[in-house]
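**Q** Residue numbers (the numbering used here), protein chains in the order written: chain A, 9 to 576; chain B, 3 to 224.
Note that the Cβ used here is the ideal one computed from N, Cα and C, for glycine as well.
First the structure, which I've put down as structure tokens, then a few questions once you've had a look.
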Amino acid sequence: MKSERHKGSRALRLVPWITLALFLGPVLAGLAATALPAFGYLPALGGDQFNLHSWQRLFEVPGLTRAAGLSLWTGLLATLLTVILVFGFCSAMHDTALFRKSQIILSPLLATPHVALAIGLAFLIAPSGWLVRLVSPWLTGWTRPPDIAMVQDSLGLALVLGLLIKEVPFILLMTLSALNQVPTRETLLTARSLGYSPVAAWLKVVLPRIYPQIRLPIYAVLAFSMSVVDVAVVLAPTTPPPLSVMVFRMFMDRDLTMIFPASAGACLQFLLVAAAIGAWRLGEILVARGARPWMLRGHRKRSGPPLYYAWGGLVISLVALSVVGTLTLGLWSFAHTWFYPLALPSAWTLSHWLRHLPDLAGPALTTLLLGLAAASLALVLALGCLQNERVNGVGPASRMLWLLYLPLLVPQIAFLFGAQMLLVRLDLDGTWPALIWAHLLFVFPYVFLALADPWRAFDPRYRNTALALTGSRLRTFFRVELPMMLKPVLFAFAIGFAVSVGQYLSTIFAGGGRFTTLTVEAVTLATGNDRRVIGIYALTQAVLPLLVYGMAIVLPAFLQRRQERRNR
Amino acid sequence: MKHPDGLLLHRVTISLGALALIPETTLTVAPGEITTVMGPSGTGKSTLLNYLCGTLAPAFSASGQIFIHGRDISALPIEKRRIGILFQDDLLFPHMSVGENLLFALPRSVKGRHRRQDLAEQALDEAGLAGYYQRSPGTLSGGQRARVALMRTLLSNPEIILLDEPFAKLDTELRTVIRQFVFAHIAARALPTLLVTHDIRDAEAAGGPLLSLGARATDHQS
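Quick look at the structure:
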């Protein structure tokens, strides 16, 4: 295809570069602009010399070592457990009906924001939470909430659990999509005909082939788990909190000079995540090397139903925790009186909703507009990049994938402050464009990933036929390609919307405190004690993306039915 | 009932809903014999193979029994059936070297790293591929890969062989060579073999009985 003949295709060529510029520039510039104050340079606050005072002040902060250790420990534990659970589940269950349905069961969870799930989990497992109520006092004998730290425990286990309920579905879905990229069925059949049990076959011939494709998502989970702020505010211990929360509080401190040690802390967080990813990579190499002899010794171990049920049970429990936790949000928002240890409220009321509706409307609208704008923009860019691949015959480059993941691999706290400084310079901070762009940074990778596989799998003969019939690229795109891909396109949009709704740090930093979204409100409220109000905000935050997700499923089905009726 | 040596399909029927894909069939394949199954696509050739492997989709219903050397395998999972399968694609595992693919197939009972490696090298030698142990499967030609795939299947010590259009993707010249190679090894080990193919020349070369599928089912539909 000659590009000279089509202005359109030349324009398309630019889309990947525009996208990269929108991404890499700000992330790298943000990192640099955060690093400068860490070494004393921030003229606005009188720092005009390079020195190490920021670091000295950082290391004087009480509990710093413990905070850093907590980040490392919870992040690595959550990632390790996620990977073990997903691979255990896949190897044991890949032959079952449940496994084939897991994509449908799990994708709504992906659409539910982290914070809503974390708050739901806290409502569930707290000493006065629903789980304790369900078994008290008849089983436990607890007539008062037990004095055990079940949420915000000092080991950070509640935080790890809160991360697991979101990351296991994510990595499982990424694994399912990787399984579609290799001839899984035939590969398994071959290994099994050689005498290998389903479990051994999956671990020895399928896993090694798909792991390279889920490596980046796993690193993203590691980076996220180590540096998340919003979930940690709800579930992590407070004295000290994980490093990310500590650094965030320093950035938000009324004493502006705290920005110096905070920047140093942000750099420390970056180094910590980089080191953890490096260590994980090393672990991969060692495991791969160590497993080789085991793979080739001819073990064909069969493992029976108990194992199979155990993995299924674990994953189902995680899903149940999310679903029931979200339900608990709803229960509290309608509870009039709900004394411990009753399993259900003794009186119901709409009054909380009615009272908070006016306050809720503003943040809900902001969240909605922001989500729609960021997801639409991400969708246009993703379609542009993918269409460029198709039209100009550029193959998907694996190196590009790293760049796509960059905003997900670099801890947000490490570059968002610097990015905010740049926005201030450009006089853009606290504006809609800045905020939409900040969301786009995290929305785009997910939209692209959700759309890429189905878009690339599209049978090119449809396009060629349509081109021959219409003679127009635009009409081919809008009349054939887009309608045929409506389902994955809307699905990608819904994922993008959900990611935007869940944004916390980026909203705070790029919004300059001028924008309040449901997530910002929910996190602020979560540190308080009024479960009814928390329930209202967290539930609304959970429901909004689910509605969009539901639309993404219903709309194509509806259009198709209408089409069929018309054709009759 | 007296069970002969080899593979026995005893009163096997397979249907999809109301459609009888395979009407009641009883069939013996003696050791070293290659029985060819032919028929246009959609007539149940791959369904029959799936049935033999125990991997029939739930939509199908089947009755009858399969015996290998008198052992009833009808209810066993594929990994306990001791069936060697060769597909159209060689399905060599790309994350293992050629030699490692063979090691993977060797039974656990062959102990010792050196002994296992020796057996793998020996198999490569037999296939005319000495010195290819460390090579990655991706660097081999189609014919070489087909030969490695056969050696891998044979090393796992199967009791019968299923060939699912194994020569379909090879060009004509190569097809004759590989066909001879495969058939010779099967004969040398006296393995009962079922060959599913589109190509009448495969059936002629196999020289065994011929089972035609699907004429009736197709007539029904048209």
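State the start and end residues of the unbroken beta strand (DSSP E) segment that holds residue 64/B.
**A** Element bounds for residue 64/B: 62–70.
**Q** In the segment 283–298 of chain A, which residues sit with their C-beta less than 9 Å from some C-beta in chain B, listed in chain order?
**A** Cβ contacts with chain B: none found.
**Q** Please confirm whether residue 468/A has its beta-carbon closer than 7 Å to some beta-carbon of chain B.
**A** No, residue 468/A does not count as interfacial toward chain B.
**Q** Going along the chain, which residues of the segment 188–217 of chain B sit with their C-beta nearer than 7 Å to a C-beta in chain A?
**A** So the list is empty, because no residue satisfies the distance condition.
**Q** Within 10 angstroms of the Cβ of residue 189/A, are there 16 or more other Cβ atoms? Answer buried if so, exposed if not.
**A** Per the 10 Å Cβ criterion, exposed.
**Q** Assuming residue 284/A and residue 234/A are in contact, meaning their beta carbons sit under 8 Å apart, how far apart are those beta carbons, in whole angstroms?
**A** Yes, they are in contact, since the Cβ atoms of residue 284/A and residue 234/A sit about 6 Å apart, within 8 Å.
**Q** Residue range of the alpha helix (DSSP H) that residue 233/A falls in?
**A** From DSSP, the alpha helix (DSSP H) with residue 233/A extends over 215–235.
**Q** Considering residue 112/B, what are the terminal residues of the alpha helix (DSSP H) in which it resides?
**A** Segment: none, residue 112/B is in no alpha helix (DSSP H) and carries neither H nor E.
**Q** Any residues in the segment 199–211 of chain A with a beta carbon nearer than 9 Å to a beta carbon of chain C? Which ones, in chain order?
**A** Protein chains in the displayed structure are A and B, and chain C is not among them.
**Q** Just curious, the alpha helix (DSSP H) that residue 175/B is in, first and last residue?
**A** It spans 174–190 - the alpha helix (DSSP H) in which residue 175/B sits, taken as one unbroken run.
**Q** What residues in its chain sit with their C-beta under 8 Å from that of residue 248/A, if we drop five residues either side in the sequence?
**A** Same-chain partners within the cutoff: 70, 71, 72, 74, 75, 78, 254.
**Q** Would you say residue 62/B reaches chain A, if we count a Cβ-Cβ gap shorter than 7 Å as a contact?
**A** Not closer than 7 Å to any Cβ of chain A, the Cβ of residue 62/B fails to qualify, so no.
**Q** Which same chain residues end up closer than 7 Å to residue 45/A when comparing Cβ atoms and leaving out the 5 residues on each side of it in sequence?
**A** Only 55, 62, 267, 268, 271 meet the Cβ criterion.
**Q** Going by CA-CA distance only, name the one from 490/A, 264/A, 548/A that's closest to residue 368/A.
**A** For residue 368/A, the nearest C-alpha among the options comes from 548/A.
**Q** With a threshold of 7 Å between beta-carbons, can residue 175/A be considered close to chain B, or not?
**A** So no, residue 175/A is outside the interface.
**Q** When the Cα of residue 528/A is compared with those of 503/A, 463/A, 374/A, which residue comes out closest?
**A** Closest option to residue 528/A, Cα to Cα, is 374/A.
**Q** Does residue 108/A have its Cβ less than 7 Å from a Cβ in chain B?
**A** Closer than 7 Å: no.
**Q** Between the segment 183–196 of chain A and chain B, which residues of the former have CB atoms less than 8 Å from a CB of the latter, in chain order?
**A** Taking 8 Å as the Cβ-Cβ cut-off against chain B, the residues of the segment 183–196 of chain A that qualify are 191, 194, 195.
**Q** Could you work out which residues of chain A lie near residue 149/B, taking near to mean beta carbons separated by less than 8 Å?
**A** In chain order: nothing, as chain A lies at least about 16 Å away.
**Q** For the segment 66–82 of chain B, enumerate the residues whose C-beta is nearer than 9 Å to any C-beta of chain A, in chain order.
**A** Under the 9 Å Cβ criterion, the segment 66–82 of chain B contributes 79, 80, 81, 82.
**Q** Can you find the residues in the same chain that come closer than 7 Å, C-beta to C-beta, to residue 241/A, ignoring five residues on each side of it along the sequence?
**A** Contacts found: 253, 531, 534, 535.
**Q** What are the boundary residues of the beta strand (DSSP E) that residue 102/A is part of?
**A** Note, residue 102/A: premise wrong, no beta strand (DSSP E); not H, not E.
**Q** When burial is assigned at 16 or more other CB atoms within 10 Å of the CB, is residue 429/A buried or exposed?
**A** Residue 429/A is buried by the Cβ-count criterion.
**Q** Exposed or buried, residue 396/A, counting other C-beta atoms within 10 Å across all chains shown (16 or more means buried)?
**A** Under this definition residue 396/A is a buried residue.
**Q** Identify the continuous beta strand (DSSP E) that holds residue 343/A and give its terminal residues.
**A** Start and end: 343–345.
**Q** Just to check my reading of the structure: residue 244/A and residue 164/A have Cβ atoms closer than 8 Å, yes? What is that Cβ distance to the nearest angstrom?
**A** Rounded, the Cβ-Cβ distance is 6 Å, consistent with contact.
**Q** Can you find a CB in chain A that lies within less than 7 Å of the CB of residue 85/B?
**A** For residue 85/B, the answer is yes, since a Cβ of chain A falls inside 7 Å of its Cβ.
**Q** Spell out whether any CB of chain B is found under 7 Å from the CB atom of residue 216/A.
**A** It does; some Cβ of chain B falls within 7 Å.
**Q** Closer than 8 Å, Cβ to any Cβ of chain A: which residues of the segment 87–105 of chain B, in chain order?
**A** The residues in question are 87, 89, 91, 93, 95, 96, 97, 98, 102, 105.
**Q** State the DSSP-derived secondary structure class of residue 22/B, mapped to helix, strand or coil.
**A** Here residue 22/B sits in strand by DSSP.
**Q** For residue 177/B, count neighbouring C-beta atoms within 10 Å of its own C-beta (all shown protein chains included) and say buried if the count is 16 or more, exposed if not.
**A** Answer is buried; the Cβ neighbour count reaches 16.
**Q** Is the Cβ of residue 304/A closer than 7 Å to any Cβ of chain B?
**A** Yes, residue 304/A lies at the interface with chain B (some Cβ there is under 7 Å from its Cβ).
**Q** Assign residue 158/A to one of three DSSP states: helix, strand, or coil.
**A** Residue state, collapsed to three classes: coil.
**Q** If you check the beta carbons only, do residue 217/A and residue 97/B fall under 7 Å apart?
**A** Taking 7 Å as the Cβ cut-off, residue 217/A and residue 97/B qualify as a contacting pair.
**Q** Against chain A, does residue 219/B count as a neighbour if the rule is that its beta carbon must be under 7 Å from one of theirs?
**A** For residue 219/B, the predicted model reports a pLDDT of 43, less than 50, meaning its position is unreliable and no value from the coordinates is stated.
**Q** Roughly how far, in whole angstroms, is the beta-carbon of residue 38/B from the beta-carbon of residue 152/B, given that I think they are within contact range, below 8 Å?
**A** Contact doesn't hold; Cβ gap of about 18 Å is too wide.
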